[in-house]
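Quick mapping for you: the protein sequence lines, in order, are chains A and B.
Position 256 (the first sequence) corresponds to 262 in our numbering; numbering is contiguous.
Position 186 (the second sequence) corresponds to 192 in our numbering; numbering is contiguous.
C-beta atoms are modelled at their ideal positions from N, C-alpha and C, and glycine is treated no differently.
Since the structure is predicted, the reported quantities are computational estimates derived from the model, not experimental observations.
Have a look at the structure below before the remarks.
Protein chains: 2
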Amino acid sequence: MAYSDLIDDLLKRNPRAAAKLITKVENDFEAAEQIINKIFKYTGNAYILGITGAPGCGKSTLISTLTKLFVDNGKKVGILAVDPTSPLTGGALLGDRIRMKENFSFKDVFIRSMANRGQLGGLARATEDAIKILDAYGCDIIIVETVGVGQSEVDIFKSAQTVAVLLVAGLGDDIQAIKAGIMEITDIFVVNKMDIPGADKKVAEIQQMLELNLNYKYESNNDNEDFTNKYKWAPEIVKVNSKTGENFDIFLDLIHKHQKFIQKKEIFANYQINRIRNETFQILKHKITKKVEGLLRSNSEIDKYIKLVMDKSMDPYSMANLIIKLLGIE
Amino acid sequence: MAYSDLIDDLLKRNPRAAAKLITKVENDFEAAEQIINKIFKYTGNAYILGITGAPGCGKSTLISTLTKLFVDNGKKVGILAVDPTSPLTGGALLGDRIRMKENFSFKDVFIRSMANRGQLGGLARATEDAIKILDAYGCDIIIVETVGVGQSEVDIFKSAQTVAVLLVAGLGDDIQAIKAGIMEITDIFVVNKMDIPGADKKVAEIQQMLELNLNYKYESNNDNEDFTNKYKWAPEIVKVNSKTGENFDIFLDLIHKHQKFIQKKEIFANYQINRIRNETFQILKHKITKKVEGLLRSNSEIDKYIKLVMDKSMDPYSMANLIIKLLGIE
């Protein structure tokens, strides 16, 4: 059967099989469907850690230092560097990861870059599938790294059990950026480069911001107020020096603390439900988008509508409503 | 009737009405539907010029200089600065536009910033609606400006009749970035800051790249080879100095040349059909996404599926297929 050999090799912890399968799910939606269908039962063991921060905040060094600590503790680590902005940044994130590969052995650390290749909303879906492949492959910890705070990052981090956001003094408006959406998904704020003047001020700024905001991430699905009050996580703040490793013991303790928090039965169910919903939503978005694109290109009824819009006898919103009727999903 | 007064004022060329209506279509999908429905018949007169380029390429100065030339020719200009990356860039593009406002009178030039506020795929839809509002408002030329080359920019530029891409010597990998997707939509390449050493080399690089690539933008809908050969546009290249205005006469000539090209009957029909398809697609994406999101949150059948996925009795792709059946759009 298709992909059976590769999947057998994956389960035997063959890194080349993992790499090949990730390439498949990235480039071929039908292949992704078949592969995930087969490996899904082997997933659910990895701990997924999301890390984000603006370019220049030192993500690369921090992830190296953190990964070394995990490996020293006998953990197998997977790193997915996701760069939705790669045409804008010239792939800086991806280059960093290639350099990082030189520091670790294939056996302990699997590193992979993923960039948007123009698929509509496909990056979150492909990343979720890559996480599952690394999970089945036997990674204990999967670090998912992104550069920004757009909608695609928020979607990607719905799979992460713990999300850490990196900030650094002197980089400017990042507190502003946090407000724009990342706040709702952050569990741990990390002020990197703690030796730079202004690090303590940055910590104070984050504290202030936290006092003004609620933490939305752990709201119950049922909007049950008791649940929300009982299971609220107060985001933690830590300052570190990724070059010297200073305060990484505290950072690791916070990760473990959050790990314990999220493993509470109700919280974990909540996380799982949100993750499954988001995942299914990404898959549905792709399937329905393809369907609609196909319809728009090849349906004679729609050609008639287009003519009416060209003549200004109809506007595009009315056309969209007619197509929804045509699809039968009104 | 709702918005009737604002729309009356818009048609009387009241800039505040234009600003208010754009805010409405940005923030409220239902309002957008009603507004576009009413103003659609007044649109179709503006010439839409898309301009893109990486941060630092001098877009701001170039657009100022160009706008001044248009205004001197008696044209009314609208500028929409679209920044899908605004949390990443800290809104640099938007700040530039605010400064630009000081150079022009409200009567001649309408400037507006649009940033993604996390709506799913909503920026292309909102920008298209804002273009229509400025069109009905009486702008002769609408400049749509973005910072990058991601999927959202490509979607946004499907409304533009002419697309100019700015490059500048010494900014690095921008040729690489072009290959990643902008090539297919560019009509005029502008090498800005022609006084910088390397400008001629940049022109040569673009020429080389053009020789290796085809121009996809004007492919017929029917994939008719005769059409493609007859109506192919060979992208033009011009180097300019936006500070001194040097070579802007050539740049303007190229814009007019392309304007003439695209106004050929078959080409213009092709442009219109693509624009209507894309527009309708953006609206449909929003409507169907909302529908699916609602279903995922409130359907008891889906809660059963989620439990099955949590138990690993089903994978998310299979769940998505069941939901598609549930929606009746298989």
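Based on the DSSP output, what are the partners of N247 (chain A) in its beta bridges?
A:E252
Contact check, A166 (chain B) vs Y48 (chain B), beta carbons under 8 Å:
no
Contact set for G84 (chain B): own chain, Cβ-Cβ below 6 Å, skip 5 residues either direction
F116, L140, C145, I148
Output yes or no for whether 8 Å exceeds the beta carbon distance between K107 (chain A) and I330 (chain B).
no
Within its chain, find whatever has a CB closer than 7 Å to the CB of D309 (chain A); leave out the 5 residues flanking it on each side and keep chain order.
none
Residue range of the beta strand (DSSP E) that T192 (chain A) falls in?
Note, T192 (chain A): premise wrong, no beta strand (DSSP E); not H, not E.
Nearest-angstrom beta carbon gap, A205 (chain A) and A175 (chain A) [assumed within contact, 8 Å]:
5 Å
Looking only at its chain, what residues have a beta carbon closer than 7 Å to the beta carbon of I54 (chain A), apart from the 5 residues adjacent to it on each side?
Around I54 (chain A): I137, I148, V150, S165, A166, Q167.
Give the residues of chain B in contact with F5 (chain A), contact being defined as C-beta atoms less than 7 Å apart.
Given that chain A is displayed from residue 7 to residue 336, the structure contains no residue 5 (chain A) and the question cannot be resolved.
Would you say E134 (chain B) and E285 (chain B) are within 8 Å of each other, going by their C-beta atoms?
Less than 8 Å divides the Cβ of E134 (chain B) from the Cβ of E285 (chain B).
Going along chain A, which residues have a C-beta under 7 Å from A166 (chain B)?
By Cβ distance, chain A contributes nothing, its closest Cβ being about 16 Å from A166 (chain B), past 7 Å.
What residues from the region 279-299 of chain B come within 8 Å of chain A, judged by C-beta to C-beta, listed N to C?
I279, I282, R283, E285, T286, F287, I289, L290, K291, K293, I294, T295, K297, V298, E299
Spatial neighbours of Q213 (chain A) within its chain, please: CB distance less than 7 Å, with the 5 preceding and 5 following residues excluded, ordered by chain position.
I243
Rounded to the nearest angstrom, what separates F403 (chain A) and S66 (chain A) at their Cα positions?
Past the edges of chain A, shown from 7 to 336, lies residue 403 (chain A), and the structure says nothing about it.
Find the residues of chain A that neighbour V174 (chain B), judging by a C-beta separation of less than 9 Å, and give them in chain order.
Annotation: V174 (chain B) has no Cβ neighbours in chain A at a cutoff of 9 Å; minimum Cβ distance is about 14 Å.
Just to confirm my understanding: we take I261 (chain B), look at its own chain, exclude 5 residues before and 5 after, and list those with CB closer than 8 Å. What are they?
Around I261 (chain B): L55, T168, A170, I194.
Within chain C, the residues that S324 (chain B) reaches when beta carbons sit closer than 8 Å:
Of the protein chains in the structure, A and B, none is chain C.
Exposed unless 16 or more other CB atoms sit within 10 angstroms - verdict on F112 (chain A):
exposed
So for D89 (chain B), helix, strand or coil by DSSP?
strand
Indicate the three-state DSSP secondary structure (helix, strand or coil) for S226 (chain B) in the structure shown.
With a pLDDT of only 47 at S226 (chain B), under 50, the local geometry of the prediction cannot be trusted, and no value is derived from it.
Express the C-alpha separation of L302 (chain B) and R131 (chain B) in angstroms, rounding to a whole number.
Roughly 24 Å between the two C-alpha positions.
Buried or exposed: A8 (chain A), going by 16 or more other Cβ atoms within 10 Å of its Cβ?
exposed
A23 (chain B) and D15 (chain B) - do their beta-carbons sit closer together than 8 Å?
yes
Please list the partners that L333 (chain B) has in chain A, where partner means a Cβ-to-Cβ separation under 7 Å.
I335
Measure the C-alpha to C-alpha separation of L314 (chain B) and E307 (chain B) and round it to an integer number of angstroms.
11 Å
Is it the case that the Cβ atoms of N279 (chain B) and I312 (chain A) are separated by a distance below 8 Å?
According to the sequence displayed, residue 279 (chain B) carries Ile and not Asn. Taking 8 Å as the Cβ cut-off, I279 (chain B) and I312 (chain A) qualify as a contacting pair.
I202 (chain B) at chain A interface by Cβ criterion, 8 Å
no
Reference L129 (chain B); option with closest CA among B:L17, B:N20, B:T29:
Among B:L17, B:N20, B:T29, the Cα nearest to that of L129 (chain B) is on B:T29.
For the beta strand (DSSP E) that E151 (chain A) lies in, which residues bound it at each end?
DSSP places E151 (chain A) inside the beta strand (DSSP E), whose first and last residues are 147-152.
If you follow the beta strand (DSSP E) that T168 (chain B) is part of, which residue opens it and which one closes it?
168-174
Any Cβ of chain A within less than 8 Å of the Cβ of I329 (chain B)?
Yes, its Cβ sits closer than 8 Å to a Cβ of chain A.
Hey, L290 (chain B) and V298 (chain A): beta-carbon distance below 8 Å or not?
yes
Beta-carbon proximity list for N227 (chain A), same chain, < 7 Å, skipping 5 on both sides:
Residue confidence is low: N227 (chain A) scores 47 on pLDDT, short of 50, so the model does not pin down where it sits. No coordinate-derived value is stated.
Looking at the unbroken alpha helix (DSSP H) that takes in I137 (chain B), where does it start and where does it end?
Per DSSP, I137 (chain B) belongs to the alpha helix (DSSP H) from 128-143.
Can you list, in chain order, the residues of its chain with a C-beta nearer than 7 Å to that of M320 (chain B)? Leave out the 5 residues immediately preceding and following it.
Y311, L314
Output yes if chain A places a C-beta closer than 8 Å to the C-beta of E36 (chain B); else output no.
no
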